[in-house]
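Everything below concerns the one structure shown next.
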Amino acid sequence: MGYFRRIYDVSRSILIGMGVTLKHMLTPETVITKQYIGLKTPVGTGLLAKALGVTRDANKVELNHQYCAICAAAKKLGMGDDPHEPTTDPVAVYDRYYRPDDKISKPIPLDYLPARHRGLHYLETEKCIMCFQCARACPVDCIDIEGTREMTPGLEGAHRGDKVNLTRFTIDYSLCIFCDHCTLACPDKQVCIHMGKEFDMTSFTQGNLVKNLLTDLPFSKDDRALVMKHRAEIDRIEEEKKKAKEAAKKEAAAKAAAAKAAGPAAPAAPPAAKPPEPPKK
Amino acid sequence: MIPLLAEALNPNPAGPTGVLWLVQKLVGPDAFERWGGTLTLVGSLGILLLLVVPIVATLFPLFAIWLERKVSAHMQSRLGPMEVGWHGWLQTLADGIKLLGKEDIIPAGADKPLFILGPIITLAGVFVMLAVMPMGPHLIPADLNLGLFFLAAAGSIEVIGVMMAGWASNNKWSLFGTMRLATQLVSYEVPLGISFVTVTAMAGSLSMQEIVRQQHGWIWNWFIFRNPVMPLVFIIYFTASLAETKRAPFDLPEAESELVAGFHTEYSGMRFSIFFLAEYVAMYVVAAIAAVIFLGGWHTGIGPFDAWIQGASGGWGGEDPSLAMAVIANLVGMHVVFAKAWVLIFVQMWLRWTLPRIRLDQVMDLCLKFLLPASVVFFMVTIGWELLPFESWTSDIPFIKDHLQWRLPRFAVFLVYSCLVGYWFFWFKRTFQDPFKRSVKEKPWVISGVSTT
Amino acid sequence: MAIPQELHRDVRTEEFLLNMGPQHPSTHGVLRVVVRTDGELVLEATPHVGYLHRCFEKCAENTTWKQVVPYTDRMDYLAAMCNNITYTLAVEKLMGWEKLIPRKTTIVRTLLFELQRIASHLMSIGTYGLDVGAITPFLHCFRERERLLEIFEEVSGQRLNYSYITPGGFQYPWPDAINRKIKGFCEYFEERITEYNDLLSYNGIFIERTKSIGVLSPQQARAYGCTGPMLRGSGIARDLRWDQPYLLYDELKKEGVFRVRYQGDKTPDPRDQMVDWSLGELGDCWSRYMVRAAELEQSRRIVLACLAKLDKLTDSEKEAGAGNIIKEADRAYTAPKGEEAYFKSENPRGELGYYVVSDGKPKAYRVKARAPSFNNLQVLTEISRGAMVADLIAIIGSIDIVLGEVDR
Chain W
1 MGYFRRIYDV SRSILIGMGV TLKHMLTPET VITKQYIGLK TPVGTGLLAK ALGVTRDANK
61 VELNHQYCAI CAAAKKLGMG DDPHEPTTDP VAVYDRYYRP DDKISKPIPL DYLPARHRGL
121 HYLETEKCIM CFQCARACPV DCIDIEGTRE MTPGLEGAHR GDKVNLTRFT IDYSLCIFCD
181 HCTLACPDKQ VCIHMGKEFD MTSFTQGNLV KNLLTDLPFS KDDRALVMKH RAEIDRIEEE
241 KKKAKEAAKK EAAAKAAAAK AAGPAAPAAP PAAKPPEPPK K
Chain C
1 MIPLLAEALN PNPAGPTGVL WLVQKLVGPD AFERWGGTLT LVGSLGILLL LVVPIVATLF
61 PLFAIWLERK VSAHMQSRLG PMEVGWHGWL QTLADGIKLL GKEDIIPAGA DKPLFILGPI
121 ITLAGVFVML AVMPMGPHLI PADLNLGLFF LAAAGSIEVI GVMMAGWASN NKWSLFGTMR
181 LATQLVSYEV PLGISFVTVT AMAGSLSMQE IVRQQHGWIW NWFIFRNPVM PLVFIIYFTA
241 SLAETKRAPF DLPEAESELV AGFHTEYSGM RFSIFFLAEY VAMYVVAAIA AVIFLGGWHT
301 GIGPFDAWIQ GASGGWGGED PSLAMAVIAN LVGMHVVFAK AWVLIFVQMW LRWTLPRIRL
361 DQVMDLCLKF LLPASVVFFM VTIGWELLPF ESWTSDIPFI KDHLQWRLPR FAVFLVYSCL
421 VGYWFFWFKR TFQDPFKRSV KEKPWVISGV STT
Chain G
1 MAIPQELHRD VRTEEFLLNM GPQHPSTHGV LRVVVRTDGE LVLEATPHVG YLHRCFEKCA
61 ENTTWKQVVP YTDRMDYLAA MCNNITYTLA VEKLMGWEKL IPRKTTIVRT LLFELQRIAS
121 HLMSIGTYGL DVGAITPFLH CFRERERLLE IFEEVSGQRL NYSYITPGGF QYPWPDAINR
181 KIKGFCEYFE ERITEYNDLL SYNGIFIERT KSIGVLSPQQ ARAYGCTGPM LRGSGIARDL
241 RWDQPYLLYD ELKKEGVFRV RYQGDKTPDP RDQMVDWSLG ELGDCWSRYM VRAAELEQSR
301 RIVLACLAKL DKLTDSEKEA GAGNIIKEAD RAYTAPKGEE AYFKSENPRG ELGYYVVSDG
361 KPKAYRVKAR APSFNNLQVL TEISRGAMVA DLIAIIGSID IVLGEVDR
């Protein structure tokens, strides 16, 4: 009896399973494929574009929610008509992300990516004060910052009053783990580093993965030359300062020796005032 | 030729002129003799066959692979190929071109002659089976009078090819696949053969065309309804054929998640595509065999229509048909066979994407403990049924005596099984309902088929 | 050089030495299993691990407490929220911030823990079906996972390695508008569970494939230190959420929202999916798989309960729980030298524990992770003796390992 029972059980379960797959095949609302081809390859505006629910408006991409099961569930429960709307405030400087030039793949404002999506970074260079908090907060040390900062005398400490001259602000995406600690470490008053929505940074060489946030392009030979020049400049300035200091010291020593030689009555020369040193990187 | 020319240039024509005259001469009632009689009918159908068989053999896999990908995709909540051609129908062609461009790698320690021969023999074994597949009333490359036996024999050649491929790969995993394969294929030939024998017992002949001819008339004349157990024999045949073509749930030899690709792991490029091609042509062949021997072949199941096809296609010693009608009738028959085969192929794909894989010892269990005894028992029942004297039993009942007498059992079987299938679809209708209507709160969820204590 | 002793023993001619190498479709990562078989029968299967070792614990020694959080994500990448939460709770225990965490934060953490459990179990069920040969349930599970990953992306910005829950609270404020999206998902998911059971769990062929395979007796499970569904599949009703509650589980336990699902559980509960445990043997693959499938439904109910609690919060509580309450939590903070803390939680795979030691500096002195998959994997040799090669795949799938955890 168990022999026939087993046949019956197995056959019945197989038939039930077949019913489930047939149901899936015949109901289009279960399809979940999000097709990206409308973004990278041209689909035109014809039948195919309509079928895929992709509009060709240059920077706008809409998804077809006609068959979305979540929207259907939400509708059923009377929870409003579009649970897919962004649930967080969009980043205020979102507009800045539209770049008209095509040196890099055109950033596509993917509307269906949520506002908090952690993509490639971009920097508001005019706000940056070179406080290095982002570089320190990074768990993998992928942020490289170089530049000079002239302190306003009497207002030591990084803030907007200083003249900041950034020569290098790169993020090495072969190291970056997209944890977003850098944006949170940026001081409250001037949040200048953001993670955008671009996620595509394919390249043929590893060198191209280092992105220069000052130009939003890969860190190139010209950039490198600029940085070397800046470093050479700083070295030169420091050399000069060192020479001047030594010269001043020699002078002071010579003066002191001269004063000593002149006699105990001559007043001691005041010590040479040391000029304020620029902060070391 | 000359009388024809004279008639063409006749200044005072009697009947239609111009194009109509030409058409009448080409395909009209007396065209048959003009074209040379029976010989030309066979010749023209032969030309048709020359076109159809290669098309079946090469274009069919093209579409079958595309269909499989789309069917599997839609069952899995995705879209499948969409880029190449409308909804991706040229995808297989693109893949074929890609495979052609691949490097032909033969592993270092591989047995080179066997490695190269393996796929060829597999494909040859499968193609050879197409020689006796009827596609229409007179569309069959070779109507052997032991057609069914030939099919069983040719199906075994595939086994050798696959074994050669697996052994020659010099790969332990391929060897695993091969050993599993040999056991599986060889043992499932037994229930397959016994279901062939059951059909032969009913038809009285091994010839494929004869088997189809015996199913003429209405739908309950099909062999699947002749007997209460014939649908079960059909299921046994279908299961055994799934095992023969190594389709899931019997795809242990090429188990994707266990052995990477089983016996064809080491094959790449065109050699792999030969295996692939062989698999899909084998799918068509077994589906077509089922259509022919169980489901009536090129009979649609509607009596008068079938009679027309039979008559118009070249008869059996009947009236001379016109050539155009003969070709059309044969093509209609061919499409009927294809339609039935496609439905069965869809069921094969459906099963593949629903069921998990059966382990080898369970495969052998299934064959030896379930299919084999069942097929033998059904064979006995069939023979016994054939001997039952239904006519003498129903010779007194007035209505049945006149109209249904010898057809009553098959009519009854047809009714009962259609009701069962209808009930199954109706019962499944609930799965097509709006999912949010059928909530768990209605009744506690009961596990299928097993008692809860 | 003389042939080493092990090789002498290993080189035999009547047996088959098979290498299920690090690259294999079914080993759930880079796991190497060296199998000695007699035809199809497995005599010995030895797992070799270490192919995914990334020196996570060493890296943690060079980073501050908050910076370790992205590293914990990548350990068990399929249950990243759970790893984040466990580590966060360990550090909060270390720093003594446990009483300071507001109620909303606790509720949200529980919610995310259970959502992550659903995602992880979906993955485990789907890939288990794939190992056994059923390809369709895998894609159905991934369709559900896609919904969950969309939710996670709205919350944290990433789909897989969130690093959203940090010591002190969250990295960004909890977006309240997402509650209704999660509720919609739960409603939609109810029907899907029935579908999975129809398609895979109670499929006759699947049951034949997994019944009485890889039987792990309760004594063995205890001896090897297995935890999670491995333990519950062998009939031992141990669940850290029930026995040593953390986060909100105490409250949920009292309200009767969930209970421990284990093999042989005969509690009639009309709200739960009734599972017929008689279909499987004690400790076999089917039981372990079914524990995970049953926990899907349970986690769904816990998520709904948490959402209800979130709705009932007062405004002040909502205010308090927005974001990170500890001011210094974004910078580098220190614990007194010599402080240590161990925190364990019920990961989808078992008991996950973090042992953190401080030496008074802002950098973490020692972070040790007790990964459940590492302990669970040990039993492979024991339970696969006498199985067939196809069963070996099923057994590895039922242990549900994640190599990121095993190798760290």
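Residue numbers (my numbering), protein chains in the order written: chain W, 1 to 281; chain C, 1 to 453; chain G, 1 to 408. Glycine included, C-beta positions come from ideal geometry on N, C-alpha and C. Predicted model only: the values in this text are computed from it and were never measured.
Using only the alpha-carbon positions, how far apart do C:Q76 and G:V402 sit? 25 Å
Taking contact to mean at least 3 C-beta pairs separated by less than 8 Å, is the stretch 374 to 383 of chain G in contact with the stretch 215 to 222 of chain G? yes
Counted within 10 angstroms of its Cβ, other Cβ atoms place G:E61 as buried (16 or more) or exposed: exposed
Three-state secondary structure (DSSP) at W:Q122? The question names Gln, but residue 122 of chain W is Tyr in the sequence shown. In this structure, W:Y122 counts as strand in the three-state DSSP scheme.
Tell me, which residues are paired with W:R168 by DSSP? W:E146
With a threshold of 6 Å on Cβ separation, who are the neighbours of C:L123 within its own chain once the five nearest residues in sequence on each side are excluded? I274, A278
Just checking: is the beta-carbon of W:N64 within a distance shorter than 7 Å of some beta-carbon in chain C? Its pLDDT being 46, under 50, W:N64 is placed unreliably in this model, and the value from its coordinates should be taken loosely. False, the Cβ-Cβ gap to chain C never drops below 7 Å.
Burial state of C:C419 (16 or more Cβ within 10 Å): exposed
Would G:T64 and G:A332 be called neighbours here (beta carbons separated by less than 7 Å)? yes
Cα separation between W:Y67 and C:F425? At W:Y67 the pLDDT is 44, less than 50, meaning the model places this residue with poor confidence; the figure from the coordinates comes in the next sentence. Cα to Cα, W:Y67 sits roughly 25 Å from C:F425.
Residues of chain G with CB under 7 Å from W:D9, in chain order? G204
If you measure beta-carbon to beta-carbon, which residues of the stretch 62 to 82 of chain C are closer than 8 Å to chain W? V71, H74, M75, Q76, S77, R78, L79, M82
Pull up the distance between the alpha-carbon of G:L247 and that of G:G256, whole angstroms please. 16 Å
Report yes or no: is there a C-beta of chain W within less than 7 Å of the C-beta of C:T524? One cannot answer for residue 524 of chain C here, as it falls past the ends of chain C, which runs 1 to 453.
Contact with chain C by W:M18, beta-carbon distance below 7 Å: yes
For G:I165, the residue or residues it bridges with in DSSP: G:F170
In chain W, what lies closer than 9 Å to C:W350 by C-beta? M18, T21, L22, M25
Bounding residues of the beta strand (DSSP E) (the contiguous stretch that carries G:N360): In the sequence under discussion, the amino acid at residue 360 of chain G is Gly, which differs from the Asn named in the question. Where G:G360 is concerned, there is no enclosing beta strand (DSSP E), given that its DSSP letter is neither H nor E.
Show which residues of chain G have a CB atom less than 7 Å away from the CB atom of C:A248. G133
Please name the residue in G:S124, G:P175, G:V303 whose C-alpha comes closest to that of G:C186. G:V303
Collapsed DSSP secondary structure at G:Y333 in the structure displayed: coil
In terms of alpha-carbon separation, which member of C:M230, C:D251, C:L344, C:A326 lies closest to C:V416? C:M230
Interface partners of G:S163 on chain W, CB under 7 Å: C179
8 Å Cβ shell around C:T431 - same chain, five flanking residues per side excluded: Residue confidence is low: C:T431 scores 49 on pLDDT, short of 50, so the model does not pin down where it sits. Its coordinate-derived value is still stated next. The answer is none, since no qualifying residue turns up.
Take every Cβ of the stretch 360 to 371 of chain G, pair it with every Cβ of the stretch 92 to 110 of chain G, and state whether three or more of those distances are shorter than 8 Å. no
Going straight from the alpha carbon of W:I70 to that of G:Y188, what length do you get? The predicted position of W:I70 is uncertain, since its pLDDT is 46 and thus under 50; a value taken from the coordinates is nonetheless stated next. Taking the straight line joining both Cα atoms gives about 7 Å.
Leaving out five residues on either side along the sequence, give the residues of the same chain with a beta carbon under 6 Å from the beta carbon of C:A287. A341, L344, I345
Within this structure, are the beta carbons of C:M270 and C:L99 separated by less than 7 Å? yes
Spatial distance of W:Y8 from W:G2 (CA atoms): 10 Å
If you run the structure through DSSP and keep just helix, strand and coil, what is C:M82? coil
Can you give me the C-alpha to C-alpha distance between G:G129 and G:R288, rounded to a whole angstrom? 13 Å
Inter-residue CB distance, C:A206 and C:E244 (contact presumed, cutoff 8 Å): Correcting the residue type first, residue 206 of chain C is Leu in the shown sequence and not Ala. Not a contact, Cβ separation roughly 19 Å.
Going by beta carbon distance, what residues of the same chain come within less than 6 Å of G:K66, once the five residues before and after it are set aside? T166
Per-residue burial, G:R117 [other beta carbons within 10 Å of its own, 16 or more giving buried]: buried
Top-ranked residue by Cα proximity to C:A203, from C:L51, C:I293, C:N170: C:I293
For G:C82 versus G:F113, is the C-beta spacing smaller than 7 Å? yes
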